[in-house]
Amino acid sequence: MAPASAAGHLPAQRIDAAGRAHVDQRAVLALALPLMANSAVQIVLNLTDMWFMGRISTRALAAVGAVQWLVIAVMLVLGGAGTAVQTLVAQHFGARRYRRAGQAVWTALWAMACTAPLFVLVGAARHLILAPFGFDSRVEQLASAFWFPRVGGAFLAAAVWAMFGFFNGIGRPRVTLAISIVATVTNALLNPLFIFRLGWGIAGSAWATNAAQLVGLLYALAIFMRADYRRRYRSNLTWRPHRRMLLQQLRLGVPMGLSPAADLLGFAVFQMMQTRLGTAGGAATQMVVILTSIAYMPGFGIASAGTTLVGQSIGARSRDWALQVGDRVILLAALYMGAIGVLIALGGPWVLPFFIGSHDSESAQAVVIGTQLLWLAAGYQFFDGLNLGSSMCLRGAGDVRIPAALVLTVSLLLFVPLAHAFTFASGQGWVRFLPQFGWGAVGGWVAVLIYVMVLGSTLFLRWRSGAWQKIRL
């Protein structure tokens, strides 16, 4: 008698008694839950940093909020080779090319070593980059102090991303979680030392992050060089750089990094608009961004499972199964983010005051504005789930150029002009040729709502079109 169900030979596949293949929900969750937990650890890190910034001043919180997305955008563009690792490793793993999977990690680390001077150069150009945005002089001074160490040392974070990509690509997300916990604990211990005891202020937070990323990278490399990984992935023999593989990884990784970078660049400009409008609005926006990461970061964890499952399915030469398992991941990401977004908005009035110092005269206004913004943020979470799930599944298939062009177009040609028009009143903005409705921070977040709805729907249609099934890496 045949069993009621059995594991299939493809990722997250279950075969029923009639021989039909189904997506094994438990297998998907077994991969996604550690990735969600890893994202939850990142949330703790973000909340910890925000708490320390709030202890310095509301102005420090606004300064970090003004530049943090721009910082990440720089990391994604310059660290593109690191973001390609998960896709390549997942496909090599599915095809049982284990040595090539190990080689992809070393290729990314060599790329990060080559781009490290560029990170430092962009970090040193802080005044040139930040001056055109017209911040309050004290906010700009704080943002500049944070920018140099955070960007200059960001190649370490990009290298850690490469290690994450390897362990996630081979279906070992618990290792990624362990690395994140080590880095987060290190960061939490170093923050008060660097910020307050050594008197480095807002720059101390950036240096603490760099030191924590270095510790995480060394821990990841120690695991990668263990005997079991050396036997299967030849991690001790594949460290030499190969020009052809480096170029292939850059061709895949640069547009792969450009896609979220374009998204974040638009959001960075948006957040700078809120800071230009006033400290309270900038701080409120920063608090809302961090709180909505409770939906975003675990949603990103679910979506990352899509990269692994789609990549492994394609490596195993089953693109039809890749479509089926990708659909399930996208649905899970959208439903999770939509539900959590509503809960965050309901709890906002009680949570927001925790992150603002009572000594600050602008704290009450920031909380009032933030409470209004949370409902707008909750409104787009389902579509952000479509955005994340679709983009990460497309990434697993190696479909990166068209999605990058779509994100770049929607972000810079729709979102940024719309946010400028809705946020600023006449005479407040950077340009005069756009209409200026003067709706303040609320208007800016209405633009975010429209943007994410359009972007999520567009990328989901790209995934469902099946164009990615023709791509070969």
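Take the sequence shown: its letters are residues 12 to 484, numbered as in the numbering used here. The beta-carbon is built from N, C-alpha and C at its ideal position, and this holds for glycine as well.
Among the options, nearest to residue i - alpha-carbon criterion
| i | options | result |
| --- | --- | --- |
| F175 | G215, C125, W117 | W117 |
| R328 | I234, F104, R443, Q297 | F104 |
| A170 | I190, W158, G182, S155 | I190 |
| S401 | P184, A222, L320, A23 | L320 |
| P22 | L288, P252, G440, G337 | G337 |
| V88 | A156, A115, A273 | A273 |
| A135 | Q152, W158, A119, G145 | W158 |
| G359 | Q383, G349, S374 | Q383 |
| G322 | V133, L167, L397, F177 | F177 |
| R111 | R241, S216, A43, L399 | R241 |
| W80 | W361, I461, A279, A389 | A279 |
| L232 | W218, W250, A217 | W250 |
| V340 | V39, R31, H20, I67 | V39 |
| A194 | L225, I206, F207 | L225 |
| I206 | A415, G215, G76 | G215 |
Burial state of residue i (16 or more Cβ within 10 Å)
| i | result |
| --- | --- |
| A452 | buried |
| Q36 | exposed |
| W332 | buried |
| W479 | buried |
| P446 | exposed |
| H431 | buried |
| T420 | exposed |
| F365 | exposed |
| S476 | exposed |
| P271 | buried |
| D239 | exposed |
| C404 | buried |
| F444 | exposed |
Where residue i sits in the DSSP three-state scheme
| i | result |
| --- | --- |
| R110 | helix |
| I26 | strand |
| M464 | helix |
| H103 | helix |
| A327 | coil |
| V116 | helix |
| A95 | coil |
| A345 | helix |
| V442 | coil |
| V427 | helix |
| A294 | helix |
8 Å Cβ cutoff met for residue i and residue j
| i | j | result |
| --- | --- | --- |
| R106 | G467 | As written in the sequence, residue 106 is Ala, which differs from the Arg given in the question. No, Cβ-Cβ distance for A106 and G467 is not below 8 Å. |
| R161 | V82 | yes |
| M298 | L363 | yes |
| G393 | A316 | In the sequence under discussion, the amino acid at residue 393 is Phe, which differs from the Gly named in the question. Contact flag unset, no. |
| V449 | A458 | Sequence check: residue 449 is Gly here, not Val. Going by C-beta atoms, G449 is not nearer than 8 Å to A458. |
| G455 | F433 | yes |
| G93 | A173 | yes |
| G312 | A43 | yes |
| A306 | G352 | yes |
| G113 | R287 | no |
| P309 | M61 | no |
| A154 | M267 | no |
| I355 | L385 | yes |
| S304 | N57 | yes |
| I181 | V100 | yes |
| N202 | A222 | no |
| M464 | Y391 | yes |
| M283 | F144 | yes |
Integer Cβ distance of residue i from residue j, believed to fall under 8 Å
| i | j | result |
| --- | --- | --- |
| G91 | G264 | 4 Å |
| K373 | T98 | This sequence places Glu at residue 373; Lys is not what is there. That belief does not hold up - the Cβ atoms of E373 and T98 are roughly 44 Å apart, past 8 Å. |
Heavy atom of the ligand FAD within 7 Å of residue i beta-carbon
| i | result |
| --- | --- |
| W80 | Inclusion of the ligand FAD in the displayed structure is not the case, the ligand content being empty and no account of it being possible. |
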